[in-house]
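Encoded structure:
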């Protein structure tokens, strides 16, 4: 799996959009970008994934650059409950296990 | 659906004792994963099963660890004998069969916090 680089931590004001960056410059053509988050004392939770097109679901939007070397996860209206560690994972889609990095600790400020 | 169920939620034991962690995947899911999370090493994959058969156990740290899946609705992770360095949160996750709409999404349980004294 390709390696990813994320900031260690970020702050965002409640109600504003939270934009979490991820660099994956060695991504291969058949690798997807996945995002998971882990709220304190809970198991990780899937958020979204994409290959090359931008994706949106009820939780977030995923913007992937044209060269696919970086992406941004957008939480459009952050709430206090979005405080969590967010993991960007690059992998070939499928049923094998996930390789988690250190992620970004997102803190939503009231 | 109740989601992935793990038991116990907390386990405190003494070094040398046998520990058994349990997981019930989401009904109908064909794949089951065991992960371990520590402050030092983060989240690590230990082993995963497909249709009750172990597919990749390369993450199992040593012979003291063993995992079984006797049927589609139950899996165990056993540590014998346990050591203080095994203290961690152990997560179980499952996914449905290939081709289903949520195939790419791993559903995690709440975890078991293990403390070995």
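Chains as they are written, first to last, in the numbering used here: chain A, 1 to 110; chain B, 111 to 227. Quick reminder that beta carbons are idealized off the backbone N, C-alpha and C, glycines included.
- Counting the other CB atoms within 10 Å of its CB gives residue 190 of chain B a total below 16, which places it among the exposed residues.
- Sequence-distant partners of residue 14 of chain A (beyond 5 residues in either direction) whose C-beta falls short of 7 Å from its own C-beta, in its chain, are 78, 79, 80, 108, 109 and 110.
- Chain-ordered, the chain A residues with CB closer than 7 Å to the CB of residue 215 of chain B read 46.
- Secondary structure note for residue 23 of chain A: its beta strand (DSSP E) is the uninterrupted segment 18-23.
- Non-local C-beta neighbours of residue 225 of chain B in its own chain, meaning closer than 6 Å and more than five positions away in sequence, comprise 122 and 197, ordered along the chain.
- Ranked by Cα distance from residue 202 of chain B, the first of B:192, B:194 and B:223 is B:223.
- Rounded to the nearest angstrom, the Cβ distance from residue 22 of chain A to residue 71 of chain A is 5 Å, consistent with a contact under 8 Å.
- Secondary structure within the region 122-150 of chain B: the beta strand (DSSP E) runs of 3 or more consecutive residues, fully enclosed, are 129-134 and 141-148 (chain order).
- For residue 35 of chain A, the enclosing beta strand (DSSP E) begins and ends at 31-38.
- It is roughly 7 Å from the alpha-carbon of residue 180 of chain B to the alpha-carbon of residue 162 of chain B.
- Assignment of residue 82 of chain A by DSSP, reduced to helix, strand and coil, places it in the helix class.
- Under the DSSP assignment, residue 182 of chain B falls outside any beta strand (DSSP E); it carries neither an H nor an E label.
- If you compare the alpha carbons of A:18, A:3, A:16 and A:7 with that of residue 26 of chain A, the shortest gap goes to A:3.
- Within the region 156-167 of chain B, those residues whose Cβ lies closer than 9 Å to any Cβ of chain A are, in chain order, 156, 157, 158, 160, 165 and 166.
- Here DSSP, grouped into helix, strand and coil, assigns residue 11 of chain A to strand.
- The C-beta distance from residue 86 of chain A to residue 98 of chain A rounds to 14 Å, too long to fall under 8 Å, and the pair is not in contact.
- If you draw a 10 Å sphere on the C-beta of residue 41 of chain A, you find fewer than 16 other C-beta atoms in it, and that means exposed.
- Taken through DSSP and simplified to helix, strand or coil, residue 195 of chain B comes out as helix.
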